[in-house]
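Chemist: After the structure tokens below, expect a handful of questions from me.
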Amino acid sequence: MTNRQIKQLAYEGLWKNNPIFVQVLGICSTLAVTNLVLNTIVMCAALVFTVSLSALTVSILRDFTPRNIRMMIETLIIAFYVIIIDVILKAYWPQMSENLGPYVGLIITNCIVMGRCEACAISNPPARAMLDAIFNALGYSFILLIIATFREVLGMGTFLGFGVPYFSGQYWDKWTIMVMPPGAFFVLAIVVWTFRTVQMSQEDKKK
Amino acid sequence: MNLTSEFYHALIVCISAIFTQNILLTYFLGLCPFIGSSREIKSAIGLGAAVIFVMTCTCALNWLVYHYVLVPFHLEFFRFIMFIIVIAAFVQFVEMAIDRLSPSLYQRLGVFLPLITVNCAILGAALFMVIRDYGFIVTVGYGLGSGTGWFMAIVLMANIRSRLHNDAIPKGLQGAGITLIIVGIMALAFIGFTGVLAGR
Chain Y
0 MTNRQIKQLA YEGLWKNNPI FVQVLGICST LAVTNLVLNT IVMCAALVFT VSLSALTVSI
60 LRDFTPRNIR MMIETLIIAF YVIIIDVILK AYWPQMSENL GPYVGLIITN CIVMGRCEAC
120 AISNPPARAM LDAIFNALGY SFILLIIATF REVLGMGTFL GFGVPYFSGQ YWDKWTIMVM
180 PPGAFFVLAI VVWTFRTVQM SQEDKKK
Chain F
0 MNLTSEFYHA LIVCISAIFT QNILLTYFLG LCPFIGSSRE IKSAIGLGAA VIFVMTCTCA
60 LNWLVYHYVL VPFHLEFFRF IMFIIVIAAF VQFVEMAIDR LSPSLYQRLG VFLPLITVNC
120 AILGAALFMV IRDYGFIVTV GYGLGSGTGW FMAIVLMANI RSRLHNDAIP KGLQGAGITL
180 IIVGIMALAF IGFTGVLAGR
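Here the protein sequences line up with chains Y and F, keeping their order.
No gaps in the numbering here: position 71 of the first sequence is 70 in numbering that gives the first Met the number 0, and each next residue is one more.
No gaps in the numbering here: position 130 of the second sequence is 129 in numbering that gives the first Met the number 0, and each next residue is one more.
Have a look at this one:
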């Protein structure tokens with residue numbers, strides 16, 4: 000693969016076709032963990048791992064997969080990697096495993112993983128499929144980290160558990176709503192709005 | 000625990016799954032089909048009804064599979080694959096059965112059934128039931144309540160969105176953006192139910 004092609008894939012995954020603000024996919028299972036930055040980082044790492052490796056596997060097996068049962072096979076491949084993550088977290092970081100609760104398992108039904116397998120991996124060679132998956136997962140992660148940062152700083156006055164000057168002080172009235180579910184919806188809506196507007200104005204300029 | 004108190008517990012879990020712990024508004028599950036299919040009231044009702052049915056049945060099935068197959072063989076870590084297979088097989092089976100028995104119902108509900116396999120709310124409900132250690136009757140109540148909660152949320156949303164057609168919404172906010180803001184406000188309203196029921 001040439002440098003140019005890699006750049007093209009990165010541009011598509013991170014910006015032009017971003018899973019969150021363009022496709023609005025896979026927000027279900029991960030929005031719940033964005034109340035703390037640390038949870039989000041772990042969740043995003045798990046997602047990058049699952050998406051890239053399952054895209055790679057699907058792509059390697061693409062010539063041997065019967066067309067009509069491919070969804071089932073893709074699901075099983077994804078579930079395999081998710082189980083690995085679940086077992087590792089339970090063994091080495093039980094606290095985090097408890098924090099994330101059922102959301103680790105829910106990566107299986109995360110639409111991005113399935114979407115990347117269906118849209119790219121099933122019809123492309125392994126290297127391309129894996130890069131495409133990684134960039135999409137990173138595009139997804141960076142939006143979630145933005146959301147998590149806003150929610151943790153405004154809601155608890157901390158970042159990664161450490162106090163942030165001013166926000167953790169007595170002059171800042173903590174926005175409890177940010178820690179609760181509605182806060183996640185509002186921040187996500189604002190992020191989607193901002194990025195879409197920027198994207199639209201960019202496209203207008205090109206014309 | 001005797002049977003009466005078990006049923007009582009199931010009722011409480013069911014009601015709290017609808018109002019105070021709504022699966023969509025507090026746990027963010029099933030958000031993708033929610034945003035995608037809440038444009039029309041008719042399809043929202045169809046999808047919601049299918050979710051209630053599938054969620055109640057698969058929760059019960061998964062409870063049986065988990066407690067009578069996975070736990071005795073110490074295969075708990077295998078539950079993700081098992082649950083997904085049970086859900087996919089059940090949905091496929093129901094689709095074929097409805098197609099054969101009632102073509103008119105199939106026309107209304109059939110198109111939504113394949114969508115449900117990848118609905119995270121269904122798998123999420125099954126995982127919650129394992130984590131919270133529910134009994135069988137309580138699990139059925141939980142499945143029913145979660146499904147009903149999801150149904151209510153999507154029907155309300157479709158009604159609100161059908162009134163937005165003629166409103167001037169900023170271009171970047173159209174579609175997903177405005178839907179998320181409305182869901183946020185709905186979630187805010189549902190927080191008002193907190194404390195109505197104590198305990199899960």
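Every residue gets a Cβ at the ideal spot worked out from N, C-alpha and C, and that includes glycine.
Here the structure is a predicted model, which is why all the values come from computation and not from measurement.
So is residue 87(Y) in contact with chain F if we call contact Cβ pairs under 8 Å?
Modeler: Not one chain F Cβ lies under 8 Å of residue 87(Y).
Chemist: Taking C-beta pairs closer than 9 Å, name the residues in chain Y that residue 34(F) reaches, listed in chain order.
Modeler: Going along chain Y in sequence order, the residues near residue 34(F) (Cβ under 9 Å) are 23, 26.
Chemist: Using a Cβ-Cβ distance cut-off of 8 Å, determine whether residue 30(Y) contacts chain F.
Modeler: Answer yes: the Cβ-Cβ gap between residue 30(Y) and chain F drops below 8 Å somewhere.
Chemist: In or out: residue 150(F) buried (at least 16 other Cβ within 10 Å) or exposed?
Modeler: Looking at its Cβ environment, which holds 16 or more other Cβ atoms inside 10 Å, residue 150(F) is buried.
Chemist: Taking the straight line between their C-alpha atoms, what separation do you get for residue 182(Y) and residue 66(Y)?
Modeler: Rounded to whole angstroms, residue 182(Y) to residue 66(Y) spans 42 Å at the Cα level.
Chemist: Would you mind telling me which residues of chain Y sit closer than 9 Å to residue 24(F), beta carbon to beta carbon, in chain order?
Modeler: Those are 180, 181, 184, listed as they occur along chain Y.
Chemist: What does DSSP give as the partner residues of residue 158(Y) in its beta bridges?
Modeler: 161(Y), per the DSSP bridge assignment.
Chemist: Could you check what DSSP says for residue 97(F) in three-state terms: helix, strand or coil?
Modeler: Of the three classes helix, strand and coil, the one that applies to residue 97(F) here is helix, per DSSP.
Chemist: Can you name the residues of chain Y whose CB is closer than 8 Å to the CB of residue 30(F)?
Modeler: Those within 8 Å of residue 30(F) in chain Y are 26, 27, 30.
Chemist: Which residue comes first and which comes last in the alpha helix (DSSP H) that contains residue 187(Y)?
Modeler: Looking at the DSSP string, the run of the alpha helix (DSSP H) that includes residue 187(Y) is 180–205.
Chemist: Could you check the C-alpha separation between residue 144(Y) and residue 25(Y) for me, to the nearest Å?
Modeler: So the alpha carbons of these two residues sit roughly 15 Å apart.
Chemist: By a C-beta neighbour count over all protein chains shown, 10 Å radius and 16 as the cutoff for buried, is residue 146(Y) buried or exposed?
Modeler: It is buried - the Cβ of residue 146(Y) has at least 16 other Cβ atoms within 10 Å.
Chemist: At least one CB of chain Y closer than 8 Å to the CB of residue 192(F): is that the case?
Modeler: No, residue 192(F) does not count as interfacial toward chain Y.
Chemist: When the cut-off is 8 Å and only beta carbons count, does residue 214(Y) lie next to chain F?
Modeler: Since the first residue shown for chain Y is 0 and the last is 206, residue 214(Y) is missing from the structure and cannot be characterised.
Chemist: Does residue 58(F) get closer than 8 Å to chain Y when you measure Cβ to Cβ?
Modeler: Residue 58(F) does not count as touching chain Y.
Chemist: Give every residue of the same chain whose Cβ lies closer than 6 Å to the Cβ of residue 198(F), excluding the five residues on either side of it in the sequence, and list them in chain order.
Modeler: Only weak support exists for where residue 198(F) lies, its pLDDT of 49 falling under 50; the value from the coordinates is given anyway. Within the same chain, residue 198(F) has no close Cβ partners at all.
Chemist: Please compile the residues from chain Y whose C-beta is within a distance smaller than 8 Å of the C-beta of residue 117(F).
Modeler: Going along chain Y in sequence order, the residues near residue 117(F) (Cβ under 8 Å) are 108, 110, 113.
Chemist: Chain Y partners of residue 155(F), CB-CB under 7 Å?
Modeler: Those do not exist, as residue 155(F) stays about 14 Å from chain Y at its closest Cβ, beyond 7 Å.
Chemist: Given a cut-off of 8 Å, decide if residue 48(Y) and residue 194(Y) are closer than it, judged by their beta-carbon atoms.
Modeler: Going by C-beta atoms, residue 194(Y) is not nearer than 8 Å to residue 48(Y).
Chemist: Report yes if the C-beta distance between residue 17(F) and residue 194(F) is below 8 Å; otherwise report no.
Modeler: No, these two residues do not count as a Cβ contact at 8 Å.
Chemist: Need the endpoints of the alpha helix (DSSP H) that residue 85(Y) sits in, please.
Modeler: Start and end: 69–91.
Chemist: Residues in its own chain within less than 7 Å of residue 90(Y) by CB, not counting five upstream and five downstream?
Modeler: Excluding residues within five positions, none has a Cβ falling inside 7 Å.
Chemist: Can you look up residue 186(F) in the DSSP assignment and give me helix, strand or coil?
Modeler: Correct three-state label for residue 186(F): helix.
Chemist: Based on Cα-Cα distance, which residue from 199(Y), 7(Y), 156(Y), 160(Y) lies nearest to residue 167(Y)?
Modeler: When only C-alpha atoms are compared, the closest one is 156(Y).
Chemist: Secondary structure at residue 109(Y), three-state DSSP: helix, strand or coil?
Modeler: Correct three-state label for residue 109(Y): coil.
Chemist: Note down, in chain order, every chain Y residue with its Cβ under 7 Å from the Cβ of residue 127(F).
Modeler: Near residue 127(F) (Cβ distances below 7 Å), the residues of chain Y are 101.
Chemist: According to DSSP, is residue 199(F) helix, strand or coil?
Modeler: Summary for residue 199(F): the model assigns pLDDT 45, below 50, so the residue's position carries little reliability, and this model does not support an answer.
Chemist: Using a Cβ cut-off of 8 Å (strictly closer), state whether residue 41(F) contacts chain Y.
Modeler: Residue 41(F) does not count as touching chain Y.
Chemist: How would you call residue 130(F), buried or exposed, if buried means at least 16 neighbouring beta carbons within 10 angstroms?
Modeler: So residue 130(F) counts as exposed.
Chemist: Starting from the C-beta of residue 13(Y), find all residues in its chain whose C-beta is less than 7 Å away, skip the five residues before and the five after it, and write them out in chain order.
Modeler: Closer than 7 Å at Cβ, skipping near neighbours: 134, 137, 138.
Chemist: Mind checking residue 3(F): buried by the 16 CB within 10 Å criterion, or exposed?
Modeler: The residue in question, residue 3(F), is exposed, as its Cβ has fewer than 16 Cβ neighbours within 10 Å.
Chemist: Nearest to residue 182(F) by CA position, among 168(F), 160(F), 170(F), is which residue?
Modeler: The candidate whose alpha carbon is nearest that of residue 182(F) is 160(F).
Chemist: I need the straight-line Cα distance from residue 203(F) to residue 201(Y), nearest angstrom please.
Modeler: Chain F is shown only over 0 to 199; residue 203(F) falls outside these bounds and no answer can be derived.
Chemist: Could you please tell me which residues of the stretch 86–98 of chain F, in chain order, have their CB closer than 7 Å to any CB of chain Y?
Modeler: Within the stretch 86–98 of chain F, the residues whose Cβ lies closer than 7 Å to some Cβ of chain Y are 87, listed in chain order.
Chemist: Residue 171(F) touches chain Y at which residues, Cβ-Cβ below 7 Å?
Modeler: Here the neighbours are 192, 195, 196, 199.
Chemist: Using the Cα positions of residue 184(Y) and residue 56(F), report the straight-line distance between them to the nearest angstrom.
Modeler: Going by the C-alpha atoms only, they are around 30 Å apart.
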